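**Q** Sequential numbering of the sequence shown, starting at 0, is according to numbering that gives the first Met the number 0.
Here it is, the structure, as structure tokens.
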Amino acid sequence: MPLPINGLIANLTAANLLPVANLQVILASALSENKTLVHYLVENNLIDSLALAKFCAKEYDIPLVEFEHLMLDEIPEEFIDHKLIEKHHALPIYSKQKTLYIAMSDPTNLTALDEFSFSLGMHTEVLLVEEAKLNKAIENKLNDGIGVLNDVGDIDDIEIDDSQSRLDEMQVVDDDAPIVKYINGILIDAVKKGASDLHFEPYESKYRIRFRVDGILYEVASPPVNLANRFSARLKVMSKLDIAERRLPQDGRIKLKISNKRNVDLRVSTLPTMWGEKIVMRILDSSAANLDIDALGYSEEQKSKYLSALAKPQGLILITGPTGSGKTVSLYTGLNILNTVERNISTAEDPVEINLTGINQVQINNKVGLTFASALRSFLRQDPDVVMVGEIRDLETAEIAIKAAQTGHLVLSTLHTNSAADTVTRLLNMGVPAFNVASSVSLIIAQRLPRRLCVECKAPLKISDHELLEIGFTEQQLTQKHRLYKPVGCDKCTDGYKGRIGVYEMMAMSEALESVILNTGNAMQLYNTAQKEGMLSLRQSAIKQALAGVISLNEVTRVT
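Laid out in structure tokens, this is it:
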């Protein structure tokens, strides 16, 4: 039976804005997809959204309202009836003198006005708006104002291991489908964009969500501030934290399964602030790690030094730098090279970031007394060849690591110091005797991770010789300045950058360096001696990458 042609569709047909031949097919398709006619027409590009809005304004003598003039963030919660909004593709905006004004793209839909009037107990009037803008606003509002998610179809593929969560906690947010769906989407989006951290931050009049991508924080969403408690409740349930405790910091973990082959761990930290709980998540995505030594950005000389230290049967290799400088990947790359059937390798980590088959990885748990020091002591009774300690934090751990390195074991670890020379000073300040440092340390690698320039949009940089000399260029390098580039930005990158690469300062122990350690241990003397032996400083290593067109001068000065 043919579907009736009346109302707006009849007027559009009469104005030759719709093809009569396909009319029944269009009506049937819209009906089968449970969409309003206007929504279906615009979504399928059968009519221009703005042209349709202007036609309705003229045909029905109703002013066309610009969405930019509407206060969408101030729509009262009691107006948001999800079923009616989805059914009629209309959005209540505000009320005035007992009249509710509803944003609609089809002013002939009187049924919508009647049902909203009955549901909310108010007289209703039409605000004529453009369909494309209305559609976006409705999607935002039905997701509690937080926007359309990227790759929403993938959200069903996420699995969260919350089998141990308490039933009463789960029920707090089980019915909050928009929040659950949104957070799942945010997590997937963060993983796909290669973010290392997520920040959920409440303020007095704003709620902000940021990703750290390539070492830099970017704001990705700003949902309504009244969602702060619902966000923190959902995230705490996922992390198996106490949702009733809002006065003290808490730490937890989330295990995600995204598709059949990708598992991601999230390390979660909550912090009470003036306006609610700030939640930060560190993404531990082992599938994204590239453990190929050639991907780290070493020069041939630096690569040779690292491989030479790894080939030794004993000694201490230390990798240093601030948080987020790539120390973990450098460590795991070394372990991956050493991981053969002939070697027994044990690691103490907090947390275990990358699972490596063939390596005995221990998760540190300070609450039960499993510290770096206690794990190290146990390793020495396990017939080890290679030992990795996630971080040397105190004298006890340092002494055990050095003892292991002096008794026929290869030990790898990290420290938070600014340079290779400062690492020696840090060990001495901890209380490690100078002769132990000199006899056990074989290689110290200080590193940073500047952002790579996007190869699609980088542009040549013009800069004076004087400025280059101030940055640290040599007279010889000035002749190569035409190879310098600056970021531009395009649809393939973020602000002109895409990915990161390492820059390194490698100090291999020598007789001259041992002599300095035993006599003074002065960081400046160590640095000068190492430079005489051919060590590139972090700044010089970064300048070489800039001259190769890989990084910008801004990154050279930012990270070194």
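Ideal placement from N, C-alpha and C gives every residue a C-beta, glycine not left out.
From a predicted model like this one, the values you see are computed outputs, not experimental measurements.
What are the partner residues of Phe199, as DSSP defines its beta bridges?
**A** Ile208, Ile278
**Q** If we cut at 8 Å on Cβ distances, does Asp382 have a partner in chain D?
**A** The chain labelled as chain D is not found in the depicted structure, where only one protein chain is given.
**Q** Is it true that the region 500 to 509 meets the region 541 to 553, where meeting means three or more beta-carbon pairs spaced less than 8 Å apart?
**A** Touching, yes, given that three or more Cβ pairs across the two stretches are closer than 8 Å.
**Q** For a quick check, are the C-beta atoms of Leu427 and Ala420 less than 8 Å apart?
**A** no
**Q** Would Asp382 be called buried (16 or more neighbouring beta carbons within 10 Å of its own) or exposed?
**A** exposed
**Q** Measure the C-alpha to C-alpha separation of Gly214 and Asp264 and round it to an integer number of angstroms.
**A** 19 Å
**Q** How do the region 342 to 349 and the region 373 to 391 stand: do at least 3 beta-carbon pairs fall below 8 Å, yes or no?
**A** For the pair of segments examined, the region 342 to 349 was found to touch the region 373 to 391: the number of CB pairs separated by less than 8 Å reaches three.
**Q** Looking only at its chain, what residues have a beta carbon closer than 6 Å to the beta carbon of Leu270, apart from the 5 residues adjacent to it on each side?
**A** Pro248, Lys277
**Q** Alpha carbon to alpha carbon, what distance is there between Gly325 and Ser285?
**A** Approximately 13 Å, taken between the alpha carbons.
**Q** So, are the CB atoms of Ile399 and Thr319 less than 8 Å apart?
**A** no
**Q** Have a look at Pro321, Gly333, Leu315 and flag the residue whose alpha-carbon is nearest the alpha-carbon of Ala294.
**A** Looking at the Cα atoms, Gly333 is the closest of the given residues.
**Q** Taking Ile282 and Asp196 to be in contact with their CB atoms under 8 Å, please state how far apart those CB atoms are, rounded to whole angstroms.
**A** 7 Å
**Q** Is the separation between the beta-carbon of Thr107 and that of Phe115 shorter than 8 Å?
**A** no
**Q** Taking the runs of the beta strand (DSSP E) that are 3 residues or longer, which of them lie wholly in the region 25 to 105?
**A** 90 to 95, 98 to 103
**Q** So, under 8 Å CB-CB, Ser418 and Leu537 are touching, yes? Tell me the CB distance rounded to an integer number of Å.
**A** 7 Å
**Q** Secondary structure at Lys235, three-state DSSP: helix, strand or coil?
**A** DSSP places Lys235 within a helical segment (H, G or I) once states are collapsed to three.
**Q** Quick check on Ser439: buried or exposed, where buried means 16 or more other Cβ atoms within 10 Å of its Cβ?
**A** Burial state of Ser439 is buried, judged by a 10 Å Cβ sphere holding 16 or more other Cβ atoms.
**Q** Quick check for students: name the residue ranges of the alpha helix (DSSP H) that lie wholly in the region 110 to 145, counting only runs of 4 or more.
**A** 130 to 141
**Q** What does the Cβ neighbour count give for Ala243, buried or exposed, with the cut at 16 atoms within 10 Å?
**A** Ala243 should be labelled exposed.
**Q** Under 6 Å Cβ to Cβ from Ala29, same chain only, skipping five residues before and after it: list those, please.
**A** Leu36, Tyr39
**Q** Does Ala288 come out as helix, strand or coil in the three-state DSSP assignment?
**A** coil
**Q** DSSP beta-bridge partners for Thr493?
**A** DSSP, once it has assigned bridges, lists Tyr496 as partnering Thr493.
**Q** Use the C-beta contact count for Gly24: other C-beta atoms within 10 angstroms, 16 or more gives buried, fewer gives exposed.
**A** According to the sequence as given, residue 24 is Val; it is not Gly. It counts as exposed.
**Q** Kindly give me the distance between the Cβ atoms of Ile182 and Leu234, rounded to whole angstroms, as I take these residues to be in contact under 8 Å.
**A** 7 Å
**Q** Could you tell me the boundaries of the beta strand (DSSP E) in which Thr346 lies?
**A** That run of the beta strand (DSSP E) goes 344 to 348.
**Q** Go through its chain and collect everything with a Cβ distance to Glu218's Cβ below 8 Å, but skip five positions before and after it.
**A** Sequence-distant Cβ neighbours of Glu218 in its own chain, meaning closer than 8 Å and more than five residues away, are Arg207, Ile208, Arg209.
**Q** Using the beta-carbon count (16 or more within 10 Å), is Glu352 buried or exposed?
**A** buried
**Q** Assuming Leu317 contacts Thr424 under a Cβ cut-off of 8 Å, what Cβ separation, rounded to an integer in Å, is found between them?
**A** Wrong, their Cβ atoms sit about 12 Å apart, outside the cutoff.
**Q** Do Phe378 and Thr396 have their C-beta atoms closer together than 8 Å?
**A** no
**Q** So the candidates are Ser463, Thr272, Val179, Ala288; which of them puts its Cα closest to the Cα of Leu552?
**A** Ser463
**Q** Are the CB atoms of Gly495 and Lys457 nearer to each other than 8 Å?
**A** Yes, Cβ-Cβ distance for Gly495 and Lys457 is below 8 Å.
**Q** Would Ala56 pass as a contact of Glu129 if the rule is Cβ separation under 8 Å?
**A** No, Cβ-Cβ distance for Ala56 and Glu129 is not below 8 Å.
**Q** Taking the DSSP output, what are the residues bridged to Leu452?
**A** Tyr496
**Q** In the DSSP assignment, find the alpha helix (DSSP H) that holds Leu334 and state where it starts and stops.
**A** 326 to 337
**Q** Between which two residues does the alpha helix (DSSP H) containing Glu513 stretch?
**A** 510 to 518
**Q** For Glu532, write down the residues that DSSP places opposite it in a beta bridge.
**A** DSSP, once it has assigned bridges, lists no residue as partnering Glu532.
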